[in-house]
Amino acid sequence: MPNTLTAAATRAALSRRAFAEIKEALTASPRSLARLWPRLTPLERAACWRLLPAGRLAEAARALSGQARWQAYQSSSIECLAPLLEDAAIGARKFFRAPSRREAALLRSGIKR
Numbered sequence: 315m316p317n318t319l320t321a322a323a324t325r326a327a328l329s330r331r332a333f334a335e336i337k338e339a340l341t342a343s344p345r346s347l348a349r350l351w352p353r354l355t356p357l358e359r360a361a362c363w364r365l366l367p368a369g370r371l372a373e374a375a376r377a378l379s380g381q382a383r384w385q386a387y388q389s390s391s392i393e394c395l396a397p398l399l400e401d402a403a404i405g406a407r408k409f410f411r412a413p414s415r416r417e418a419a420l421l422r423s424g425i426k427r
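In the working numbering, the protein residues as written are 315 to 427.
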């Protein structure tokens, strides 16, 4: 996957369970998630959000609208990704991470605006 994310490329990578590709692209450009957000399904949004590396989450969150931050906050549970993980490799969960308390607070602060 190129470092420039598109909705189609993201969708294709998710269907192949190529989570590392998306994580790499989001690491290179976390703000691109805000551009993609409206074109992704709720499951795709949750997957991309959970694939953001810790050091890039704040940058991505600042680029999202308040409504998008709320949707991201709702995807904090690994259970929301169950459809993607059902037929994925055993170690696929390692790519997804939950937001830290600090990151969750950042999301909630954006929701109040």
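Where is the CB? At the ideal position from N, CA and C, for every residue including glycine.
Per DSSP, what kind of secondary structure is residue 410 in: helix, strand or coil? What you label residue 410 is simply residue 96 of the sequence shown in a count that begins at 1. Coil at residue 410, not helix or strand.
Is it the case that the Cβ atoms of residue 350 and residue 371 are separated by a distance below 7 Å? Numbered from its first residue, the sequence shown carries residue 350 at position 36. Numbered from its first residue, the sequence shown carries residue 371 at position 57. No, the Cβ-Cβ distance between residue 350 and residue 371 is not below 7 Å.
How close, in whole Å, do the beta carbons of residue 347 and residue 374 come, if the pair is a contact with beta carbons under 8 Å? Looking up residue 347 in the sequence shown gives position 33. Looking up residue 374 in the sequence shown gives position 60. About 5 Å; that satisfies the 8 Å criterion.
For residue 377, name the three-state secondary structure that DSSP assigns. Position 63 of the sequence shown, counting from 1, holds the residue named residue 377. Here residue 377 sits in helix by DSSP.
What did DSSP end up calling residue 332 once you bin it into helix, strand or coil? Against the sequence shown, residue 332 aligns to sequence position 18. In the structure shown, residue 332 sits in coil (DSSP, three-state: anything other than H, G, I, E or B).
Straight-line CA distance for residue 363 to residue 389? The residue given as residue 363 occupies position 49 in the sequence shown. The residue given as residue 389 occupies position 75 in the sequence shown. When rounded, the distance between both Cα atoms is 8 Å.
Same chain, Cβ closer than 8 Å to residue 427, neighbours up to 5 away in sequence not counted: Numbered from its first residue, the sequence shown carries residue 427 at position 113. Here residue 427 scores only 49 on pLDDT, less than 50, and its place in the model should not be relied on; the value that follows carries that caveat. Here the set comprises 380.
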